[in-house]
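> Before anything else, here's the structure in question.
Protein chains: 4
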Amino acid sequence: MKSQIVTFLIKCPDQKGLVAKITNFFYEKEFNILSCQQYVNAIEDTYFMRIRLNAAGTIISKKDLENGFLKLATPLHFDWSVNYGDKKQCVAIMVSHTSHNLYDLLERSKEGRLDCNVKIIISNHDKLRHIAAMFGVPFHYLPVTQETKLQQESQVRELLDAHKIDLIVMARYMQILSSDFINYYPERIINIHHSFLPAFQGANPYKKAYERGVKLIGATAHYATEDLDEGPIIEQDVKPVTHESTPTTLKRIGADIEKLVLARAVKCHLNNQIIVSGNRAIVFPEAGE
Amino acid sequence: MKSQIVTFLIKCPDQKGLVAKITNFFYEKEFNILSCQQYVNAIEDTYFMRIRLNAAGTIISKKDLENGFLKLATPLHFDWSVNYGDKKQCVAIMVSHTSHNLYDLLERSKEGRLDCNVKIIISNHDKLRHIAAMFGVPFHYLPVTQETKLQQESQVRELLDAHKIDLIVMARYMQILSSDFINYYPERIINIHHSFLPAFQGANPYKKAYERGVKLIGATAHYATEDLDEGPIIEQDVKPVTHESTPTTLKRIGADIEKLVLARAVKCHLNNQIIVSGNRAIVFPEAGE
Amino acid sequence: MKSQIVTFLIKCPDQKGLVAKITNFFYEKEFNILSCQQYVNAIEDTYFMRIRLNAAGTIISKKDLENGFLKLATPLHFDWSVNYGDKKQCVAIMVSHTSHNLYDLLERSKEGRLDCNVKIIISNHDKLRHIAAMFGVPFHYLPVTQETKLQQESQVRELLDAHKIDLIVMARYMQILSSDFINYYPERIINIHHSFLPAFQGANPYKKAYERGVKLIGATAHYATEDLDEGPIIEQDVKPVTHESTPTTLKRIGADIEKLVLARAVKCHLNNQIIVSGNRAIVFPEAGE
Amino acid sequence: MKSQIVTFLIKCPDQKGLVAKITNFFYEKEFNILSCQQYVNAIEDTYFMRIRLNAAGTIISKKDLENGFLKLATPLHFDWSVNYGDKKQCVAIMVSHTSHNLYDLLERSKEGRLDCNVKIIISNHDKLRHIAAMFGVPFHYLPVTQETKLQQESQVRELLDAHKIDLIVMARYMQILSSDFINYYPERIINIHHSFLPAFQGANPYKKAYERGVKLIGATAHYATEDLDEGPIIEQDVKPVTHESTPTTLKRIGADIEKLVLARAVKCHLNNQIIVSGNRAIVFPEAGE
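Residue numbers (this note's numbering), protein chains in the order written: chain G, 5 to 293; chain L, 5 to 293; chain P, 5 to 293; chain U, 5 to 293.
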């Protein structure tokens, strides 16, 4: 195997001996275990593992590895995936008119702080084209009205499929996507919502935050699911505010939170740190990576 | 005037010259202005001031001061109050079975970190009596059922009135008070809710937080109003959590947030830092105090 | 006066009647006071005020305003300045090879989130020229060795003077400037240091932070003074880390803190929120701005 | 084995197969692995593990378990310890005149939020005796002067030994202990320092923080070592402050940070979450505990 770092994500019913069995398997195949992170949900009796392996000393092929692992996985009812880290994930960014998240993601990707290829930017407005140009990323302007919604979505899907997009990042894309669209990309769409969910779901969270007089505002990155703003939460953060903050000030303060929260969530996804379980996202921390 | 520090809280329609007029008034009466904090709500065209005066060099009586101020206040439509800092506010703490907030408030009050007299502790359970005893504060056990609710509330009110209570702190009192009760003590009841409102209103916020898979939990101190968990927010804080946290862990982590948030809110109230405006609490920071 | 928002910054010995006198002065000149923020340092008996005025209804000229104010200021020993908000401040950014702060400042300036003109970028390395090009800002590569230090500094000064630079932002410029240089621009150079000062002054703070095993890392923006990393602190922030973090991880986590801390400090400076007093920076919060 | 939860802490040179070997060992002995946390320090090629086992289904004796483990541990050069969770650790608290940490630790211990027996309180002042009395813990007043220092220390040691103290918590004990004393209790003395170390080592950190004009203050809990304030850091936290804060205000704000930081550090220690390596403390997070 050429690639160096192999990551397995495993979810299964909890039972005795799981760590021993799994780590033995890789030890026998001559992998060096870089990190092995576990989580046991005792309420649901479920076991989760993220295991990162250095394949440097091994000679096994991907196919043999996977076939071998399958023999372990099947009787133990593993729900599992493997990533060989040998090709960058392809990312599409969807935006409307807000620029801060777009800049941030493009900068991180360009400077190697997000390990991915941003292939395309798709927008229902033509406003942020200049940013795409600055970073040399193709910009697709696909306007949408209530009448053209399904048609526009199928154009979006064509683009995504044509570019073999692995991850769709909704960086303040202010359109509600159809269930069909969302279900077509399960756990592959990350959305940023500009409040600390479940507070202030839906439209205008900063205005609502002002009116409610909260003393902190926040942002939430989550996988998009059929239920708007209800998907598994990957990352959240907040910042204190005071009565002095107007809705406009909150928006400005919030922009900085949104940038960090979305960038961290995308990084966790690209880095194979996340296992979704029901409506909860198990997000393993980086292990000396 | 014997007392040293006098605090005026003022709310009025915004207009030119307010600071000049108000500060002139006190300057002419020979007060030294220790701090003068303002807030203009440009959306509602409302002006707020908190002004702290050193009365050391003055000879004016309280009555003359207030009569004089009234002449300024009336034409400018001031909604105002004055506190002479010459007597400690009397506080009642209401609890059920959770001890952490009670300990914290009693410790602060005993050690002079909260400037008040905790006169009585009222509880619908007999569980925390030993803590009251440790700190030498009378403990009143007033159990309540759905049938005896109004009757119990009137017993509570008798106690509060008998002890001339200025501020009621609901330190995890797990009963919903009647509108009558709450309206009898406007802006004089502070409640702690164990979530970052408006997220997770109502019962069992930590369980809900676990189920929703949030990445931070919080607490909110607010004035009690008729609408449960909807009153003006005084203070909020949060703490990051991970998927590892069970509802029980969240409860434990949350307890430390609840303590700090409630203590800070009570301190702001006792220190005359708060002006309520509609459903928002203007909370002036301490000014070198 | 054409301009709308006028900001005065005042520092003087504390004494009775200051607020009244100052606000009266502006009231009589028919200014509307938008906000009036004060701070009394009781330890040093010093008074500080930041007052923002709406000049919309006035007809007074700048000259008359300043002459009039001087009559108030002189007997009361004011150290004061006024900003009419009628022209954008000119900013120079100095960098070496680290790109994150540069991107961030350019993005904010371009998108109107930092109210200034970034006139030039000066670097002792040629590495970040592409970023300057993306944002259309002239890039000056002025390499430096120990021998050419003074000569390079005078080239830098020529550039700064030629572009009438108001504020120099050292966005990870990894050279120690001479005292002469620094003293030529008092309170006009903002530096970002990648630690929570005074911890880890000098070189390699992230490596030192790793070795010391700290559980949080931070960044500090401060005015540059002769004593390296000793100037008045404008803004600081931190982020929790764990034993898992290597020096490389700390650098990456720190980059996000550095961006926010430097951007906030520059904004406070541009927005006339800062009065320096000795080695402390009085940073007034935004007042509904 | 009667006890339920057994915790092993292991440190050793890194090498292939460690997880597999260790987890196999426990699997074969019929333990259920509740959590297995690892950390590889790639810079020092060192491996760390904290493994928590449920002994419910096993019949092995402690002696057999340890002898068995030794056979695994010796060739792999393990530095290891085991805790059976079958008896509460005995704690001594040392204080001077500051009460907040003492209250906090006693409250947590009394209410079962810190799993330990606080056996004695030792102080060089007689000021906090009333708090010890409230909580029913013996208070030993052992005054100290420069002349009586060694003598007092030996009295302290007698007390600690007489009560079989496992952990000494210096809850703002304002005396420098001798190297002899400290070396007698390696990794068994936790100290709270009232600054975010390494900033403001030594005396009067809040005064220094005021003078330096920092924008955040903090606290640090660490194991005491010969070099004052230089021991392995267990826990740190900070809180933002402003120019308004006087040294007195900083002290008050800091008190709340000190309480939380010390309590968390003590909890981590009691819960066997810490492995010290050189001057760094590896602090494993709780794993659903």
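All C-beta atoms in this analysis are idealised placements derived from N, C-alpha and C, irrespective of residue type, glycine included.
When you compare each of His273/P, Leu22/P, Lys153/P, Asn105/P to Met174/P by their alpha carbons, which one comes out closest?
One-based indexing of the third sequence puts residue 174/P at position 170. Residue Asn105/P is the option with its Cα nearest to Met174/P.
> Straight-line CA distance for Asn128/G to Tyr145/G?
Mapped onto the first sequence, residue 128/G falls at position 124. Mapped onto the first sequence, residue 145/G falls at position 141. When rounded, the distance between both Cα atoms is 6 Å.
> Give the interface partners of Met138/L over in chain U, defined as CB-CB distance under 9 Å, in chain order.
Along the second sequence, read from residue 1 onward, the residue named residue 138/L stands at position 134. The contacting residues are Met138, Phe139.
> Given a cut-off of 8 Å on the beta-carbon distance, is the pair Glu157/G and Phe139/G in contact?
Numbered from its first residue, the first sequence carries residue 157/G at position 153. Numbered from its first residue, the first sequence carries residue 139/G at position 135. It is not a contact, given that the beta carbons lie outside the stated cut-off.
> Can you list, in chain order, the stretches of the beta strand (DSSP E) that have 3 or more residues and sit fully within the stretch 197 to 283 of chain L?
Counting only runs that start and end inside the stretch 197 to 283 of chain L, the beta strand (DSSP E) elements of at least 3 residues fall at 220 to 227, 237 to 244, 278 to 281.
> What beta strand (DSSP E) runs, 3 residues minimum, are completely inside the stretch 119 to 197 of chain G?
120 to 127, 143 to 145, 171 to 174, 193 to 197
> For Thr27/L, which three-state DSSP category applies?
Taking the second sequence and counting its residues from 1, one reaches residue 27/L at position 23. Helix at Thr27/L.
> Please name the residue or residues paired with Thr11/G in a DSSP beta bridge.
Mapped onto the first sequence, residue 11/G falls at position 7. Thr11/G pairs with Arg56/G, Asn87/G.
> Helix, strand or coil: which one does DSSP assign to Ala291/U?
Here residue 291/U refers to the residue found at position 287 when the fourth sequence is read from its first residue. Residue state, collapsed to three classes: coil.
> State the DSSP-derived secondary structure class of Ala46/P, mapped to helix, strand or coil.
As a working mapping, residue 46/P is identified with position 42 in the third sequence. Coil, per DSSP.
> If you draw a straight line from the alpha carbon of Ile9/L to that of Lys91/L, how long is it in whole angstroms?
By one-based count along the second sequence, residue 9/L stands at place 5. By one-based count along the second sequence, residue 91/L stands at place 87. For Ile9/L and Lys91/L, the distance between alpha carbons rounds to 11 Å.
> Have a look at Thr102/P, Arg216/P, Phe30/P and flag the residue whose alpha-carbon is nearest the alpha-carbon of His134/P.
Stepping through the third sequence from its first residue, residue 134/P is reached at position 130. The shortest C-alpha separation from His134/P is found at Thr102/P.
> Report yes if the C-beta distance between Ala223/G and Ile193/G is below 8 Å; otherwise report no.
Looking up residue 223/G in the first sequence gives position 219. Looking up residue 193/G in the first sequence gives position 189. Their beta carbons are not under 8 Å apart, which means Ala223/G does not touch Ile193/G by this criterion.
> So Ile126/U packs on Val160/U, CB below 8 Å; how close in whole Å?
Locating residue 126/U in the fourth sequence gives position 122, counting from the first residue. Locating residue 160/U in the fourth sequence gives position 156, counting from the first residue. Sure, about 6 Å apart at Cβ, within 8 Å.
> Let me see if you follow: with CB-CB separation under 8 Å, is Ala285/P close to chain U or not?
Stepping through the third sequence from its first residue, residue 285/P is reached at position 281. Yes, Ala285/P lies at the interface with chain U (some Cβ there is under 8 Å from its Cβ).
> Mark Thr78/G as exposed unless 16 or more other C-beta atoms lie within 10 angstroms of its C-beta, in which case mark it buried.
Within the first sequence, the letter at position 74 stands for residue 78/G. By the 10 Å Cβ count, Thr78/G comes out exposed.
> Given a threshold of 16 other Cβ atoms within 10 Å of its Cβ, counted over all protein chains shown, does Gly116/P qualify as buried or as exposed?
By one-based count along the third sequence, residue 116/P stands at place 112. Exposed, because fewer than 16 other Cβ atoms sit within 10 Å of the Cβ of Gly116/P.
> Kindly list, in the order they appear in chain G, the residues whose Cβ is closer than 9 Å to that of Leu38/U.
Within the fourth sequence, residue 38/U is the residue found at index 34, counting from 1. Ordered by position in chain G, the residues that pass the 9 Å Cβ test against Leu38/U are Val44, Ala46.
> Does the separation of the CB atoms of Leu274/U and Asp165/U fall below 8 Å?
To locate residue 274/U, count along the fourth sequence from 1; it is residue 270. To locate residue 165/U, count along the fourth sequence from 1; it is residue 161. Not closer than 8 Å, so no.
> What in chain U is Cβ-close to Asp268/P, meaning under 9 Å?
The sequence position of residue 268/P within the third sequence is 264, counting from 1. According to the sequence provided, residue 268/P is Arg. The question's Asp does not apply to it. The premise fails here: Arg268/P is roughly 10 Å from chain U at the closest Cβ pair, so nothing lies under 9 Å.
> Output needed in chain order: residues of the stretch 105 to 125 of chain G with a Cβ under 9 Å from some Cβ in chain U.
none
> If you draw a straight line from the alpha carbon of Val280/L to that of Cys16/L, how long is it in whole angstroms?
Numbered from its first residue, the second sequence carries residue 280/L at position 276. Numbered from its first residue, the second sequence carries residue 16/L at position 12. Spanning the two alpha carbons is a distance of roughly 12 Å.
> Using beta-carbon positions only, say whether Ile238/U and Ile278/U come within less than 8 Å of one another.
Locating residue 238/U in the fourth sequence gives position 234, where the first residue counts as 1. Locating residue 278/U in the fourth sequence gives position 274, where the first residue counts as 1. Yes, these two residues count as a Cβ contact at 8 Å.
> When the Cα atoms are used, what is the spatial distance from Tyr189/G to Arg268/L?
As a first step, residue 189/G is located in the first sequence; it is residue number 185 there, counting from the start. As a first step, residue 268/L is located in the second sequence; it is residue number 264 there, counting from the start. If I take the Cα positions, the gap works out to 46 Å.
> Secondary structure at Ser113/U, three-state DSSP: helix, strand or coil?
Numbered from its first residue, the fourth sequence carries residue 113/U at position 109. Helix.
> Which partner residues of Gln93/L appear in the DSSP bridge assignment?
On the second sequence, position 89 is the one that residue 93/L refers to. For Gln93/L, DSSP records a beta bridge to Cys120/L.
> If you draw a straight line from the alpha carbon of Asp18/L to that of Glu48/L, how long is it in whole angstroms?
Counting from 1 along the second sequence, the entry for residue 18/L is found at position 14. Counting from 1 along the second sequence, the entry for residue 48/L is found at position 44. Their backbone Cα atoms lie some 9 Å apart in a straight line.
> Is the CB of Ala291/U under 8 Å away from at least one CB in chain L?
Your numbering for residue 291/U matches position 287 in the fourth sequence. For Ala291/U, the nearest CB of chain L lies under 8 Å from its own CB, placing it at the interface with that chain.
> Give me the Cβ distance between Ser85/L and Leu13/L, rounded to the nearest whole Å; I'm assuming they're in contact under 8 Å.
Position 81 of the second sequence, counted from the first residue, corresponds to residue 85/L. Position 9 of the second sequence, counted from the first residue, corresponds to residue 13/L. With a Cβ gap of about 5 Å, Ser85/L and Leu13/L count as contacting.
> Alpha carbon to alpha carbon, what distance is there between Gln150/P and Ser113/P?
Your numbering for residue 113/P matches position 109 in the third sequence. Your numbering for residue 150/P matches position 146 in the third sequence. The alpha-carbon of Ser113/P is positioned some 33 Å away from that of Gln150/P.
> From Glu230/L to His197/G, what distance separates their C-alpha atoms?
Counted from its first residue, the second sequence places residue 230/L at position 226. Counted from its first residue, the first sequence places residue 197/G at position 193. Straight-line Cα distance between these residues: approximately 31 Å.
> From the DSSP output, read off the bridge partner residues of Asn36/L.
Along the second sequence, one-based indexing puts residue 36/L at 32. Asn58/L, per the DSSP bridge assignment.
> Using 8 Å as the limit for Cβ to Cβ distance, is Leu154/L near chain U?
If you number the second sequence from 1, residue 154/L lands on position 150. Chain U, which has no Cβ nearer than 8 Å to the Cβ of Leu154/L, makes this no.
> Do you know how far the Cα of Ile64/P is from the Cα of Asn71/P?
Taking the third sequence and counting its residues from 1, one reaches residue 71/P at position 67. Taking the third sequence and counting its residues from 1, one reaches residue 64/P at position 60. Each residue's Cα considered, the two are about 11 Å apart.
> What residues from chain L crowd round Gly21/P, counting only those whose CB sits closer than 7 Å?
For the purposes of this step, residue 21/P is taken as the residue at position 17 of the third sequence. Within 7 Å Cβ-Cβ: Tyr31.
> Comparing C-alpha positions only, which one of Lys243/G, Asn208/G, Pro289/G sits nearest to Glu248/P?
In the third sequence, the residue the question calls residue 248/P occupies position 244. It is Pro289/G.
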